[in-house]
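Read top to bottom, the protein sequences are chains W and V. Quick note, our numbering runs 6 ahead of the 1-based positions in the first sequence. Quick note, our numbering runs 12 ahead of the 1-based positions in the second sequence. Glycine is no exception: its CB is placed at the ideal position from the N, C-alpha and C atoms. It should be emphasised that the depicted structure is a prediction, and the values quoted were computed from it without experimental measurement.
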Amino acid sequence: GAGVSQSPSNKVTEKGKDVELRCDPISGHTALYWYRQSLGQGLEFLIYFQGNSAPDKSGLPSDRFSAERTGGSVSTLTIQRTQQEDSAVYLCASSSKGQRYEQYFGPGTRLTVT
Amino acid sequence: GENVEQHPSTLSVQEGDSAVIKCTYSDSASNYFPWYKQELGKRPQLIIDIRSNVGEKKDQRIAVTLNKTAKHFSLHITETQPEDSAVYFCAATYGNQFYFGTGTSLTVIP
C-alpha cells in the first residue's frame, strides 16, 4: 500500500516568508508526528497528533510554528516569518495505535531559508 | 521529559567485524526502544525494537539488548556488510512521544 507522503520535497524560501509543509499519513493510522532534522543531527520532536485528541505541541520551538490535522488525516506544518535557523529537513511519520508503535516515515521536506 | 544519549557519533569497522552502538535514557517509565536506520538521502526505517519486559531480541545479524536497571540499551550488528553503512538512531518512548538519540554514522569498510 501507499506509504507516508510529504510535499513539497524541497522548498526554498526567503527569510521572513511563511511556508506550509504537507503530510499524508498511511490510511487508517491514527497517530501522526512531525520531526525536524538539522544537518548531521538527530530527530527533534515537534508535534504529535492522536485521533481527535488535542495535539501534543510541546516540541514546537517557537510560536512561529503551528500544525493542523484535518479530518484525522492530512496534516500541515506552518512556519511563519521563516528564519535561516529553520533550514532543515522536516519529517512526518504515522503509526497505528495499538500496534507495536512502529513509526513509518515520509521522505521529508528539505526547507532552505535564504 | 526523557533524555536519550547515543554513542559513538561515528563508527568505522572492517567488513565482517561487529559494530555496537549504545544509548542511555533517563526516564524509567520508558517502555519501548526502537532502532532506526537512515541511509543517505532516505527516510528512517525501523530495523529492530525491544520492549521493557524483554532483555534481548535478535533478528538475523542484528540484536538489541536492554538493561532497565542501568537504563541503557545497545544495538549489535554482527558480520557487517557494506550495505550496513548508514546513520542509526535509537529512541525511547512511553505512550506515543518518541525521544531520539543524535545518531551514529556507521561506515563499513570493504
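- Separation of the CB atoms of W/Arg28 and W/Val80 is rounded to 7 Å, and the pair is thereby assigned contact status at 8 Å.
- By the 16-neighbour rule on beta-carbons within 10 angstroms, V/Gly13 is exposed.
- Look at W/Thr76 here: in three-state DSSP terms it is helix.
- Annotation for V/Asp39: Glu14 place their beta carbon closer than 6 Å to its own, counting only its chain and skipping 5 residues before and after.
- The beta carbon of W/Leu49 sits closer than 8 Å to some beta carbon of chain V.
- For V/Gln72, there are no neighbours in chain W by C-beta distance under 9 Å, as the nearest C-beta there is about 18 Å away.
- Within the model, the alpha-carbon separation for W/Glu74 versus W/Leu83 is close to 7 Å.
- In this structure, the alpha-carbon of V/Ala82 lies about 13 Å from that of V/Val16.
- Contacts between W/Leu97 and chain V, judged by CB atoms closer than 9 Å, involve Arg55, Pro56 in chain order.
- Here the C-alpha atom of W/Asp92 lies approximately 24 Å from the C-alpha atom of V/Tyr100.
- The way I'd put it, the segment 86 to 97 of chain V does touch the segment 19 to 36 of chain V; three or more beta-carbon pairs between them come closer than 8 Å.
- By the neighbour-count criterion, in which 16 or more other beta carbons inside 10 Å mark a residue as buried, V/Ile121 falls on the exposed side.
- Taking 8 Å as the threshold, the shortest C-beta distance from V/Gly28 to chain W does not fall below it.
- When DSSP states are grouped into helix, strand and coil, V/Gln72 belongs to the coil group.
- Taking all protein chains in view, the Cβ of W/Gln109 is crowded by 16 or more other Cβ atoms within 10 Å, so the residue is classified as buried.
- When CB distances to chain W are screened at a threshold of 8 Å, the residues of the segment 104 to 115 of chain V falling below it are Thr105, Asn108, Gln109, Phe110, Tyr111, Phe112, Gly113, Thr114, Gly115, in chain order.
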